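Peer 1: Using numbering that gives the first Met the number 0, read the sequence shown as starting at 0 and increasing by one per residue. First, the structure itself, so that you have it in front of you.
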Amino acid sequence: MTANRLPALLLCLCGVTADVAAQDTFTPAAFGDGEKSLAALIEFPELRGDASVTISCITVVTAKGKLDKHGCYQVNPGDETFIATIYKAAKKARLEPATYDGKTTTVVFQYRIQFVQKGEDRILNFAANPGYEENVDAYGADHVAAQRLMDKERWRDACPKQARFLVFAKANVDYDGTPSSASLSHADGIPITAKCQQAIIESLLASRFIPAMADGEPVPSTFVEPFGN
0 MTANRLPALL LCLCGVTADV AAQDTFTPAA FGDGEKSLAA LIEFPELRGD
50 ASVTISCITV VTAKGKLDKH GCYQVNPGDE TFIATIYKAA KKARLEPATY
100 DGKTTTVVFQ YRIQFVQKGE DRILNFAANP GYEENVDAYG ADHVAAQRLM
150 DKERWRDACP KQARFLVFAK ANVDYDGTPS SASLSHADGI PITAKCQQAI
200 IESLLASRFI PAMADGEPVP STFVEPFGN
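As C-alpha cells, this is what we get:
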C-alpha cells in the first residue's frame with residue numbers, strides 16, 4: 000500500500016526498554032511457526048509464469064491465538080485468488096497471541112503476505128505490518144506495526160448497526176503505546192454522523208496499544224485501522 004492511499008477492503012471487518020514503565024510490559028502478536036501457522040496452512044495458488052503479488056490484511060488475534068474478523072485489501076484484479084487462500088488458512092491458523100502486563104490479550108493485527116513464483120520456486124514472505132509507507136520508510140519493510148488492544152468497542156453503540164459504512168481511522172502511536180492526533184477519512188458506504196465519528200475517535204484515543212517494534216525496540220508510528228460493518 001502506498002502512503003495516504005488505502006484500497007478497498009474485501010470482506011472487511013469491521014519486550015520492553017528501560018524507558019517504558021514496568022507495568023506496561025508487552026509483546027506483540029506474531030506469526031509463529033508449526034503446523035497451525037499461516038505459513039504452513041496457506042496453499043500457493045496455481046499461476047502461469049513468474050509472478051509477485053502482495054496482499055495486505057487485517058484481523059483480530061484473540062488471547063488464544065485464533066484469527067477473528069478477518070479482512071484483506073483488494074488492490075488489483077486477480078487478488079481474489081490469493082485472498083481466498085489466505086481466508087481458508089486463517090480459519091484453522093493459530094498465531095502467537097500478544098501479551099500486555101504479563102497476560103495474553105486480544106489485539107488488532109495487520110500484516111502482509113508476498114506470493115512469489117519464479118520458475119519452479121514458490122516463496123511466501125510475511126511481514127507483521129500493512130506496508131504503510133511512512134512506517135516502512137522509517138523502520139524498514141520488516142518492522143512490526145502497532146497493535147490495538149480490543150476492549151468493549153463502545154463506538155458501536157453510536158454507529159449504524161445495519162447500513163454499511165467504512166472509515167479509516169488514523170492516529171499517532173508513541174513508543175510507549177500512547178495514541179494521539181486521531182482523524183477519520185470516509186472510504187465506502189453511507190456517510191456516518193458526527194456522533195459516530197466522535198465515538199470512533201474517542202474509542203481510538205482511549206485504547207491501549209502495543210507500540211510498533213523495529214529491531215526489537217518500541218518506536219513511534221502512524222497507525223491506520225478500518226472501522227465499519
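Just so you know, even glycine gets a beta-carbon here, dropped at the ideal spot from N, CA and C. The structure displayed is predicted, hence computed values, not measured ones.
Quick check on this structure: which residue in G48, F30, K194 has the alpha carbon closest to the alpha carbon of Q109?
Peer 2: Closest by alpha carbon: F30.
Peer 1: Could you give the uninterrupted runs of the beta strand (DSSP E) lying entirely in the segment 126-210, keeping only those of 3 residues or more?
Peer 2: Complete beta strand (DSSP E) runs here, min 3: 164-172, 178-188.
Peer 1: What are the complete alpha helix (DSSP H) segments, minimum 4 residues, inside the segment 11-91?
Peer 2: Runs found: 37-40, 78-89.
Peer 1: Per the DSSP calculation, D229 is bridged to which residue(s)?
Peer 2: This structure cannot speak to residue 229, because the chain is shown only from 0 to 228.
Peer 1: Check M212 in the structure and name its three-state DSSP category.
Peer 2: Reduced to three states, the DSSP call for M212 is strand.
Peer 1: Looking at the structure shown, is R93 part of a helix, part of a strand, or coil, going by DSSP?
Peer 2: The answer is coil: DSSP assigns R93 none of H, G, I, E or B.
Peer 1: Who are the Cβ neighbours of K35 in its own chain at under 7 angstroms, not counting the five residues just before and after it?
Peer 2: If we look at K35 and ignore the five residues flanking it on each side, its Cβ neighbours are K91, A92, R93.
Peer 1: Beta-carbon separation of G229 and F164 under 8 angstroms?
Peer 2: In this structure the chain extends from 0 to 228, so residue 229 is not present and cannot be described.
Peer 1: Under the DSSP definition of a beta bridge, which residues are partnered with G101?
Peer 2: None; G101 has no bridge partner.
Peer 1: Excluding five sequence neighbours on each side, which residues of the same chain lie with their C-beta closer than 6 angstroms to the C-beta of T53?
Peer 2: Taken in chain order, the residues that qualify are R111, Q113.
Peer 1: Under 6 angstroms Cβ to Cβ from D162, same chain only, skipping five residues before and after it: list those, please.
Peer 2: One detail in the question is off: residue 162 reads as Ala in this sequence, not Asp. Cβ within range, chain order: I189.
Peer 1: Examine the Cβ distances between the segment 141-148 and the segment 96-110 and report whether three or more of them are shorter than 8 angstroms.
Peer 2: Contact holds: three or more Cβ-Cβ distances are below 8 angstroms.
Peer 1: Per the contact definition of three or more C-beta pairs closer than 8 angstroms, is the segment 121-134 in contact with the segment 151-158?
Peer 2: With the cut-off at 8 angstroms, the segment 151-158 and the segment 121-134 do not touch.
Peer 1: Taking the alpha-carbon positions, what's the A102 to F222 distance?
Peer 2: Note on residue identity: the sequence assigns Lys, not Ala, to residue 102. Cα to Cα, the separation comes out at about 23 angstroms.
Peer 1: Residues bridged to P217 by DSSP?
Peer 2: P217 pairs with M212.
Peer 1: Is it the case that the Cβ atoms of L204 and P178 are separated by a distance below 8 angstroms?
Peer 2: Yes; because the gap between Cβ atoms is below 8 angstroms, this pair is in contact.
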